[in-house]
Structures are given as structure tokens and as C-alpha cells.
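Asker: Take this structure first; my questions come after.
Number of protein chains: 2
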Amino acid sequence: MSATNRQIRLAARPVGDVKPEDWERRSVPVEEPGPGQFAGRTLVISLDPAMRGWLDDRPSYLPPVGLGEVMRAGSVIEVTASNHPDYRPGDHVVGTFGVQEYVVSDGKGAMKVDTSLAPPSTYLGALGMPGMTAYFGLLDVGALKDGETVVVSGAAGAVGSLVGQIAKAKGCRVVGIAGGPEKCALLTGELGFDAAIDYRAEDVRKALRREAPDGIDVYFDNVGGDILDAALTRLAMHARVVICGAISQYNNSTPVQGPSNYLTLLVRRARMEGFVVFDYAKRYAEAARDIAGWIQDGRIKVKEHVVKGTVDDFPDTLQMLFRGENIGKLVLELT
Amino acid sequence: MSATNRQIRLAARPVGDVKPEDWERRSVPVEEPGPGQFAGRTLVISLDPAMRGWLDDRPSYLPPVGLGEVMRAGSVIEVTASNHPDYRPGDHVVGTFGVQEYVVSDGKGAMKVDTSLAPPSTYLGALGMPGMTAYFGLLDVGALKDGETVVVSGAAGAVGSLVGQIAKAKGCRVVGIAGGPEKCALLTGELGFDAAIDYRAEDVRKALRREAPDGIDVYFDNVGGDILDAALTRLAMHARVVICGAISQYNNSTPVQGPSNYLTLLVRRARMEGFVVFDYAKRYAEAARDIAGWIQDGRIKVKEHVVKGTVDDFPDTLQMLFRGENIGKLVLELT
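Written as C-alpha cells, this is what we have:
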């Protein structure tokens with residue numbers, strides 16, 4: 001066991017793309033757990049598009065990561081020592097433990113997970129925040145009804161791949177929008193989507209006319225920009241547009257591109273609604289039970305993109321999200 | 336009685352601002368009512384921002400006005416002859432009778448009104464479509480709750496002036512956004528708004544920070560553009576943004592300006608929703624009863640901007656809406 005804890009800290013607020021010099025790699029002594037605390041070793045770290053927003057100093061659903069602070073991240077750790085009554089060495093725990101090799105926690109916001117049922121990474125993906133986000137965004141905010149037409153952007157990503165599969169489990173027609181033939185083949189192949197649109201290769205508006213001829217009932221948006229605008233032109237009456245994210249806009253140094261076609265909300269008596277998954281914390285167990293069931297019966301295939309390395313690889317790995325290089329949930333597994 | 340019926344017809348599809356040559360003034364013979372029809376003389380014609388949208392050849396909630404067709408408009412007529420069992424000479428009737436002096440109708444979409452209770456123009460305003468729009472937009476789409484903070488743009492217009500007054504009747508804090516000191520004085524004076532923001536004289540974002548310090552619960556948007564964007568920055572948690580119109584954008588020959596700040600919907604768990612008042616037709620009587628009651632007890636002051644003239648004045652009068660020259664409901668009264 002190393003005597004030092006390697007950490008990734010925020011060194012500067014990025015403007016536009018996150019640059020290498022916006023991060024600081026720091027080694028600090030490993031801490032011992034105090035009374036009521038436990039200590040652990042990080043196994044796997046989550047990388048999420050939302051992280052880009054946490055780096056900006058502006059009001060949002062969470063305070064920004066402070067300059068000099070360890071980068072906020074979800075991770076799964078293995079408990080190595082404990083003065084906490086609920087945690088014992090060997091336990092696997094998921095929580096917002098940050099981008100670092102070693103962790104000390106009082107257990108706030110943490111949860112023990114059973115890695116005999118699913119590997120640690122899955123508790124950062126289908127059974128973690130992306131799973132909760134897909135489930136409540138689609139079913140609660142999107143108020144999905146059986147048999148409707150669902151379109152999801154960022155469809156090969158952590159959230160998007162689950163949105164589409166949950167919608168299929170609910171008997172819907174599902175169209176995914178993703179970048180590149182490999183992702184599109186995954187969607188209509190292994191993941192069972194009815195259709196996939198490669199936004200790099202074809203005109204999304206025309207493709208939606210073909211694939212959603214009766215209009216879109218629920219559009220689940222992870223990307224914003226031109227794709228959101230294209231989807232707005234194809235809304236069915238009383239459609240719901242779920243605003244989950246806008247990865248195409250996160251690295252803008254210019255203002256966000258607003259949806260020019262928002263007046264179709266009026267014509268189609270439709271709504272566009274945002275949400276933050278934390279608001280559903282009391283219902284996570286319900287969602288996890290449903291998703292675990294769908295994984296078990298094969299209706300949900302878990303897609304994970306595992307990068308193996310050290311915490312030093314976090315900055316480069318994060319950039320993969322914004323270049324669209326991951327398929328499924330992106331995690332950094334510490335070796 | 337003139338032997339000719341003067342009409343305003345659409346001659347060309349406007350690009351950007353509506354130009355005089357986009358209209359044709361035509362005189363045709365006055366028609367006699369056929370079996371099951373009645374004939375009438377137009378008393379007063381409604382002018383509405385939505386009319387601009389009806390001139391464009393694109394899918395919307397109503398088909399576009401056809402080239403060469405009489406311009407679509409709501410009006411109140413006096414029946415002059417009738418072969419219809421429900422209408423008698425002397426009856427006043429509101430309907431979509433178009434911009435013309437004389438009308439023949441089978442009564443479809445028409446409704447008799449009692450001009451001893453309110454003048455004909457009011458059946459095009461507070462007791463007509465603008466009244467229904469304000470009522471259902473605010474209470475149903477906006478899901479207004481007592482004591483909330485309501486902000487309305489186009490606040491001195493036909494719909495906006497009613498939205499604010501209905502919200503006041505419901506015990507809310509009401510902030511109106513309008514152009515110019517005269518309109519703002521009307522809002523906080525006669526109409527009882529809590530505050531008014533003159534978008535021509537001050538920074539709307541800063542003014543909203545001052546007037547809605549705890550955030551906006553319901554934002555009722557009639558204008559779009561920069562004002563919508565400013566309002567989005569001030570949403571309270573679980574806010575509702577009601578998209579009623581976007582008069583600032585209707586004469587664009589460039590794409591509509593999308594709301595750059597739409598991601599606040601996510602941060603604030605808020606929704607933006609469009610509607611078309613016709614969907615509430617079955618509940619118009621309920622709304623009219625409430626509004627008539629509020630007019631009677633003085634909680635709603637009816638503001639009408641009456642231009643007196645002939646149907647030939649319709650094109651110029653319509654432009655007043657887009658220049659912000661009307662206060663309250665704009666109508667053309669035929670002399």
C-alpha cells in the first residue's frame with residue numbers, strides 16, 4: 001500500500017475545452033479514518049458529461065468544484081479500515097469520493113453495493129446515476145406511455161443507451177441518434193433499437209421524418225444544439241421533450257445555442273422539461289430493482305467503456321466524452 | 336346598404352414585415368344568405384399577433400390563409416337577414432368571419448353574444464380569444480398557485496394585461512414587462528400590477544433580479560427573443576414557462592432566436608410548455624363566467640384600443656401590433 005494518495009485537483013476554471021493545465025496532479029499522505037469514519041481504496045471512477053458544468057463558476061444544481069479542490073466524481077471503493085458501524089473492510093461502497101486513490105468518508109451519501117450481483121462499474125452505470133437518470137427522465141419527466149415513439153440523442157452513451165432499452169422494455173418504438181456507424185450498428189443490433197440515425201452521415205431532420213413518420217412522443221435530449229432543433233420539428237401532439245443534458249454545448253466559449261424551433265412547442269401543445277436526478281433519491285431503490293430485473297431477463301444489455309489506468313489518466317479520459325469516443329458508460333478502472 | 340362587400344385578401348406571402356403590396360383590397364357583390372345561413376354586417380374586427388403566423392405557408396395549428404383568400408379574423412357582426420333557426424336580424428354574433436364588411440355564415444364556430452352586458456369589442460378581447468388565452472394559459476398550462484410570483488411579457492397587450500390581472504385576482508405577485516413609460520404606468524396604476532419593467536429603458540435581467548428576488552414561478556411569454564432569455568435566468572425551482580407567442584420574432588426573415596438560456600430548465604427543474612387556446616373550447620363558458628365576474632367586481636379592467644375606420648384600414652392597423660403601438664386589445668371598429 002502506497003503511503004501517498006494521488007489526487008486530481010482543479011487548478012483553473014476552463015474556458016471552452018478543458019486543457020491539461022486546468023488540472024493539478026497532487027500526492028498527499030494517505031489519511032487514517034477518524035471516529036465514525038471509514039477508509040478505502042478507489043477501484044473505479046465515473047466520468048460524466050455533467051462534470052464539465054461542475055467546473056464553471058456559475059449557479060447550478062450543485063456548487064462548482066472549488067479551485068484547488070479534489071475533482072468531484074462518483075466512484076466505487078473497497079473499504080480498507082473502518083471506525084463506522086455500518087462498514088467493514090472488504091465492503092464495496094459507491095459514493096461521491098472524488099478523483100483520488102484513497103478515500104476517507106463518514107458515509108454521507110455513500111451506499112454499500114453487492115459486487116457479487118454486478119461488477120463495481122455497473123454501480124456507476126446502469127445501477128448508478130446514469131441508470132437513475134434514464135429511468136426517471138424517461139418514465140417520470142417524459143411520462144412515457146406504452147407504444148409511443150421515443151427518440152434519444154447521445155444514444156450510445158451511458159444514459160442514452162439505457163433510455164432506449166428501457167423504452168423498448170416498455171413496448172415503444174425507439175430511434176437513437178449517435179455519431180458514427182459503429183455506434184449505430186450497436187444500437188440497432190445488440191441493443192435492439194428500431195432505428196439509428198448517424199448524425200455525422202445524414203441530415204437528422206430528414207432521417208427523423210423517415211424514422212418517426214407519426215412524430216416523436218418523447219424526445220430525450222442529451223446533446224442540445226442542432227440535433228435538439230431537428231427533433232423539435234418532428235414533435236407529435238402533446239409531446240414531451242426531456243432536457244437531460246447538452247453535451248454539444250458544454251465546451252462552448254460562446255453562448256449556448258438556443259433551440260430556434262422552440263415555437264413548435266406551441267403548435268404541438270408540447271412541453272420541454274428539465275430535471276436533476278438527485279430529486280428522485282427516495283425512489284432510487286425502485287428504479288434499481290426494475291433495471292436489475294431487465295438486466296437479468298436480457299432486456300437491458302449493460303454497455304461499459306472501461307479505461308484501465310491511474311488517476312493521472314482522468315483528464316485525458318474525460319475528454320473522450322466530448323469527442324464522442326466512448327460507447328456506453330465511461331469509467332476509469334484503477335490498476 | 337351598399338351593394339358591394341369590401342374585403343381584404345392576402346395577395347402575397349410576406350417575407351419579414353408585412354408590406355402594403357401583400358394585401359389586395361377587393362369589392363365583391365354582397366351575398367344573400369342561402370338555406371340554413373344568415374347574413375350580417377361587420378361591426379368590429381379583431382387584430383391579433385397570431386395573424387402574422389397565419390400568413391406563412393408552413394405547418395401550424397391552423398392552415399395558412401390561402402393566397403387570394405379573405406384574411407382570417409375574428410369579428411362581431413350584426414345579423415341583417417337569416418334563414419338559420421338560431422339567428423335573427425339584430426342579433427350580435429362573434430365568429431371567424433374575416434376582414435370584410437358583409438358576411439354570410441352557416442353559424443359554424445359562431446356564437447351569439449349579449450351586447451347589453453358588454454360592448455361588441457369585449458367579445459373579441461377579455462370575453463373572447465385573448466381572455467380565454469390568458470385564463471387557460473395561466474391557470475391550466477401555467478398551473479398557477481395562489482401567492483406565486485408571475486411575470487408576463489407583452490404585459491400591456493390584449494392577453495398580457497389580462498394575465499396580470501387574473502394573477503392578481505389569484506393573490507399573486509405580478510410583474511409586467513412592456514415597452515415605454517406610458518404602458519408601464521398603466522400596469523402599476525390602473526391595472527394593479529406590483530411592478531412594471533420598461534424593456535426599452537432598462538436591463539430586463541437586472542430588473543427581474545430586483546422585482547422577482549425569489550425567482551419567477553410562472554413566466555407567461557408573449558414576445559420571445561431576449562426577454563424570454565432574461566426571464567429564464569430568473570426561474571424559481573419547478574417554474575412553469577408558458578409559451579403563448581413570440582411577437583418579437585414573427586417578422587424575422589432570419590431564423591427565430593432560440594432561448595439560449597434553456598438549460599436553466601434543467602437547473603431549476605422547470606418546464607416550458609406551449610398551448611393553443613382552441614383546445615379549451617369546451618371550457619370557454621367556465622372562463623367567460625370567471626372573467627365576467629372579475630370585470631363586474633372591478634378586479635379586471637378591460638383595456639381596448641379601438642381604431643375607427645373601414646376594412647381598408649386593416650393592413651395599417653395590423654402593423655401597430657408589431658410596432659407596440661396598442662395598449663390593450665386592438666380592434667378595428669367599422670364606421
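Chains as they are written, first to last, in our numbering: chain Z, 1 to 335; chain V, 336 to 670. For each residue, glycine too, the CB sits at the ideal point set by N, CA and C.
DSSP beta-bridge partners for Met272 (chain Z)?
Answerer: Paired residues: Z:Val241, V:Met607.
Asker: At a CB-CB cut-off below 9 Å, which residues of chain Z make contact with Ser595 (chain V)?
Answerer: Within 9 Å Cβ-Cβ: Pro255, Val256, Gln257, Gly258.
Asker: Could you list which residues in chain V have their beta carbon closer than 9 Å to that of Ala246 (chain Z), in chain order?
Answerer: Here the neighbours are Tyr597, Leu598, Leu601.
Asker: Per DSSP, what are the beta-bridge partners of Lys308 (chain Z) in this structure?
Answerer: DSSP lists Z:Glu333 as partners of Lys308 (chain Z).
Asker: Exposed or buried, what is Ala347 (chain V) when buried is set at 16 or more other beta-carbons lying within 10 Å of its beta-carbon?
Answerer: With fewer than 16 other Cβ atoms within 10 Å, it is exposed.
Asker: Across which residues does DSSP place Ile380 (chain V) in a beta bridge pair?
Answerer: Answer by DSSP bridge pairing, in chain order: V:Ser410, V:Leu667.
Asker: Excluding the five sequence neighbours on either side, which residues of its own chain have a C-beta within less than 7 Å of the C-beta of Val15 (chain Z), listed in chain order?
Answerer: Ser253.
Asker: Along chain V, in chain order, which residues have C-beta atoms closer than 9 Å to that of Ile227 (chain Z)?
Answerer: Per Cβ cutoff of 9 Å: no residues; Ile227 (chain Z) is ~13 Å from chain V at best.
Asker: Cα separation between Phe136 (chain Z) and Val174 (chain Z)?
Answerer: Near 17 Å, if we compare the C-alpha coordinates of Val174 (chain Z) and Phe136 (chain Z).
Asker: Considering only the alpha carbon of each residue, which of Z:His92, Z:Thr96, Z:Pro120, Z:Gly53 lies closest to Arg72 (chain Z)?
Answerer: Considering only alpha carbons, the answer is Z:Thr96.
Asker: How would you write the range of the alpha helix (DSSP H) that Arg545 (chain V) sits in, first residue to last?
Answerer: Unbroken alpha helix (DSSP H) run through Arg545 (chain V): 539-546.
Asker: Please compile the residues from chain V whose C-beta is within a distance smaller than 8 Å of the C-beta of Asp279 (chain Z).
Answerer: Neighbours of Asp279 (chain Z) on chain V, chain order: Arg604.
Asker: Compare the C-alpha of Glu91 (chain Z) against each of Z:Phe38, Z:Glu69, Z:Leu139 and name the closest.
Answerer: The sequence as given places Asp at residue 91 (chain Z); Glu does not occur at that position. Among Z:Phe38, Z:Glu69, Z:Leu139, the Cα nearest to that of Asp91 (chain Z) belongs to Z:Phe38.
Asker: In angstroms, rounded to a whole number, what distance separates the CA positions of Arg387 (chain V) and Asn340 (chain V)?
Answerer: Spanning the two alpha carbons is a distance of roughly 24 Å.
Asker: Work out the CA separation of Asp316 (chain Z) and Met1 (chain Z) for me, nearest whole Å.
Answerer: A caution first: Met1 (chain Z) carries a pLDDT of 49, below 50, which makes its placement in the model unreliable, though a value can still be read off. So the alpha carbons of these two residues sit roughly 25 Å apart.
Asker: Starting from Tyr396 (chain V), find everything on chain Z with Cβ-Cβ shorter than 7 Å and list it in chain order.
Answerer: Residues of chain Z passing the Cβ test: Val267.
Asker: Helix, strand or coil: how does DSSP classify Ser153 (chain Z) here?
Answerer: Ser153 (chain Z): strand per DSSP, three-state reduction.
Asker: Could you tell me the distance, in whole angstroms, from the CA atom of Arg439 (chain V) to the CA atom of Asn586 (chain V)?
Answerer: Here residue 439 (chain V) is Val; the residue named in the question, Arg, does not match the sequence. Answer to the nearest angstrom: the Cα atoms are 32 Å apart.
Asker: Met272 (chain Z) touches chain V at which residues, Cβ-Cβ below 8 Å?
Answerer: By Cβ distance, chain V contributes Tyr597, Leu600, Arg606, Met607, Glu608.
Asker: Could you please give the first and the last residue of the uninterrupted alpha helix (DSSP H) stretch that includes Pro315 (chain Z)?
Answerer: First-last of the alpha helix (DSSP H) with Pro315 (chain Z): 314-322.
Asker: Please tell me whether Ile551 (chain V) and Tyr534 (chain V) are closer than 8 Å, where the distance is taken between their beta carbons.
Answerer: No; because the gap between Cβ atoms is not below 8 Å, this pair is not in contact.
Asker: In or out: Leu138 (chain Z) buried (at least 16 other Cβ within 10 Å) or exposed?
Answerer: It is buried - the Cβ of Leu138 (chain Z) has at least 16 other Cβ atoms within 10 Å.
Asker: For Gly297 (chain V), which option in V:Val646, V:Leu667, V:His640 has the closest C-alpha, if you only look at C-alpha atoms?
Answerer: The question about residue 297 (chain V) has no answer, for chain V in this structure spans 336 to 670.
Asker: If you measure between the beta carbons of Ile227 (chain Z) and Phe322 (chain Z), is that distance less than 8 Å?
Answerer: No; because the gap between Cβ atoms is not below 8 Å, this pair is not in contact.
Asker: Over what stretch of residues does the beta strand (DSSP E) that includes Pro393 (chain Z) continue unbroken?
Answerer: Chain Z is shown from 1 up to 335; residue 393 (chain Z) falls before or after that span and cannot be answered.
Asker: Does Val486 (chain V) get closer than 8 Å to chain Z when you measure Cβ to Cβ?
Answerer: It does not: the Cβ of Val486 (chain V) has no partner Cβ on chain Z nearer than 8 Å.
Asker: Can you round the beta-carbon distance between Val646 (chain V) and Val411 (chain V) to whole angstroms, since I take them to be within the 8 Å contact cut?
Answerer: Not confirmed; about 14 Å, so no contact.
Asker: Step through the CB atoms of chain Z and report whether any lies within less than 8 Å of the CB of Ile578 (chain V).
Answerer: At least one chain Z Cβ lies under 8 Å of Ile578 (chain V).
Asker: So which residues on chain V does Val276 (chain Z) lean against when the C-beta distance must stay under 8 Å?
Answerer: Ordered by position in chain V, the residues that pass the 8 Å Cβ test against Val276 (chain Z) are Leu601, Val602, Arg604.
Asker: Can you tell me the Cβ-Cβ gap for Gly74 (chain Z) and Val94 (chain Z), rounded? I've got them flagged as a contact below 8 Å.
Answerer: Confirmed, Cβ separation roughly 7 Å.
Asker: Starting from Arg423 (chain V) and walking both ways along the alpha helix (DSSP H), at which residues does that stretch end?
Answerer: Counting along the chain, Arg423 (chain V) falls outside any alpha helix (DSSP H), and DSSP gives it neither H nor E.
Asker: In the DSSP assignment, find the unbroken alpha helix (DSSP H) run with Gly225 (chain Z) in it and report its ends.
Answerer: Residues 225-232.
Asker: I want to know whether the segment 610-618 of chain V touches the segment 592-602 of chain V - three or more CB-CB distances under 8 Å.
Answerer: As far as the Cβ criterion goes, the segment 610-618 of chain V does not touch the segment 592-602 of chain V, which means the pair count is below three.
Asker: Can you tell me whether DSSP reads Met336 (chain V) as helix, strand or coil?
Answerer: Its pLDDT being 49, under 50, Met336 (chain V) is placed unreliably by the model, and nothing is read from it.
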